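Engineer: Handing you this structure, nothing more for now.
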Amino acid sequence: MNAEEVKNAIRNVPDFPIPGIQFKDITTALAKPECLMWMRDEIVRRYKDAGITKVVGIESRGFILAPAVAIEIGAGFVPIRKHNKLPAETVSVTYAKEYGDDTIQIHKDALSKNDIVLIHDDILATGGSMEAAINLVKKLSVKKIYVNCIIELEGLHGREYLDGKADNVDCLFGIEVNE
Numbered sequence: 606m607n608a609e610e611v612k613n614a615i616r617n618v619p620d621f622p623i624p625g626i627q628f629k630d631i632t633t634a635l636a637k638p639e640c641l642m643w644m645r646d647e648i649v650r651r652y653k654d655a656g657i658t659k660v661v662g663i664e665s666r667g668f669i670l671a672p673a674v675a676i677e678i679g680a681g682f683v684p685i686r687k688h689n690k691l692p693a694e695t696v697s698v699t700y701a702k703e704y705g706d707d708t709i710q711i712h713k714d715a716l717s718k719n720d721i722v723l724i725h726d727d728i729l730a731t732g733g734s735m736e737a738a739i740n741l742v743k744k745l746s747v748k749k750i751y752v753n754c755i756i757e758l759e760g761l762h763g764r765e766y767l768d769g770k771a772d773n774v775d776c777l778f779g780i781e782v783n784e
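Just so you know, we're using my numbering here: the sequence shown kicks off at 606 and counts up by one.
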């Protein structure tokens, strides 16, 4: 298994969630155990020696691999959820998305100043939702922030947009927006 085989296992769903968006659906790759294991193992390989203490997964597809990566590297898992989904005291960030505003939250006591955090999500597009996640984690004054996504939608320049906002931004592979 390699990046190209995993990339080929991802399906395109045209006009989702709105017309003009070419949605990259990772569920077809996740359904194949060899693809799922390759993605987990590749993320672990990249971060196993980075001193990560918490892996933060962004709702909802960031929840799929983040806990598995956390277990493998000996870190805890922390969810970032949409507004009003967490039961205890939270901190929030509201941000503009390509097709509307959204608010995300994290438990106020989920991270500490001693944590080294890996924020994980499935796709890096324009960088808006990841920037919001970074800003949310920064509110909890952590030591260091790494960012990892499975796919980078090349041509939307999300990585450049995040330049300097995290200690490192990394994606398993890139896909052209219309590919």
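Built from N, CA and C at the ideal position, the CB exists for glycine as well.
Source: prediction; values computed, not measured.
Return helix, strand or coil for residue 631, following the three-state DSSP convention.
Structural biologist: Within the sequence shown, the letter at position 26 stands for residue 631. Residue state, collapsed to three classes: coil.
Engineer: Measure from the alpha carbon of residue 783 to the alpha carbon of each residue in 654, 675, 759, 658, then state which is nearest.
Structural biologist: On the sequence shown, position 178 is the one that residue 783 refers to. Among 654, 675, 759, 658, the Cα nearest to that of residue 783 belongs to 759.
Engineer: Quick check: the Cα distance between residue 694 and residue 656, rounded to an integer number of angstroms?
Structural biologist: The residue given as residue 694 occupies position 89 in the sequence shown. The residue given as residue 656 occupies position 51 in the sequence shown. Roughly 27 Å between the two C-alpha positions.
Engineer: Buried or exposed: which applies to residue 610, given that a residue is buried once 16 or more other Cβ atoms fall within 10 Å of its Cβ?
Structural biologist: Looking up residue 610 in the sequence shown gives position 5. Per the 10 Å Cβ criterion, exposed.
Engineer: Comparing C-alpha positions only, which one of 774, 727, 736 sits nearest to residue 634?
Structural biologist: Position 29 of the sequence shown, counted from the first residue, corresponds to residue 634. Answer by Cα proximity: 727.
Engineer: Cα separation between residue 624 and residue 618?
Structural biologist: The residue you call residue 624 lines up with position 19 of the sequence shown. The residue you call residue 618 lines up with position 13 of the sequence shown. Taking the straight line joining both Cα atoms gives about 11 Å.
Engineer: Below 8 Å CB to CB, which residues in the same chain sit around residue 606 once its five sequence neighbours on both sides are set aside?
Structural biologist: Taking the first residue of the sequence shown as 1, we reach residue 606 at position 1. These residues qualify, in order along the chain: 639, 640, 642, 643.
Engineer: Pull up the distance between the alpha-carbon of residue 778 and that of residue 720, whole angstroms please.
Structural biologist: Within the sequence shown, residue 778 is the residue found at index 173, counting from 1. Within the sequence shown, residue 720 is the residue found at index 115, counting from 1. For residue 778 and residue 720, the distance between alpha carbons rounds to 27 Å.
Engineer: Let me know if residue 734 comes out buried or exposed under the rule of 16 or more other beta-carbons within 10 Å of its beta-carbon.
Structural biologist: The count along the sequence shown starts at 1 and reaches residue 734 at position 129. Its Cβ being crowded by 16 or more others within 10 Å, residue 734 is buried.
Engineer: Suppose you measure from the CA of residue 772 to the CA of residue 765; what does that come to, to the nearest Å?
Structural biologist: The residue labelled residue 772 in the question sits at position 167 within the sequence shown. The residue labelled residue 765 in the question sits at position 160 within the sequence shown. Taking the straight line joining both Cα atoms gives about 13 Å.
Engineer: Under a Cβ-count criterion, where at least 16 other Cβ atoms within 10 Å of its own Cβ denotes burial, should residue 699 be classed as buried or exposed?
Structural biologist: Numbered from its first residue, the sequence shown carries residue 699 at position 94. Its Cβ having fewer than 16 others within 10 Å, residue 699 is exposed.
Engineer: Compare the Cα-Cα distances from residue 680 to each of 665, 767, 716, 780 and report the closest residue.
Structural biologist: On the sequence shown, position 75 is the one that residue 680 refers to. Among 665, 767, 716, 780, the Cα nearest to that of residue 680 is on 716.
Engineer: With 16 as the cutoff for other CB atoms within 10 Å, does residue 658 come out buried or exposed?
Structural biologist: Within the sequence shown, residue 658 is the residue found at index 53, counting from 1. By the neighbour-count rule (16 or more Cβ atoms within 10 Å), residue 658 is buried.
Engineer: What did DSSP end up calling residue 716 once you bin it into helix, strand or coil?
Structural biologist: Within the sequence shown, the letter at position 111 stands for residue 716. Three-state result, residue 716: coil.
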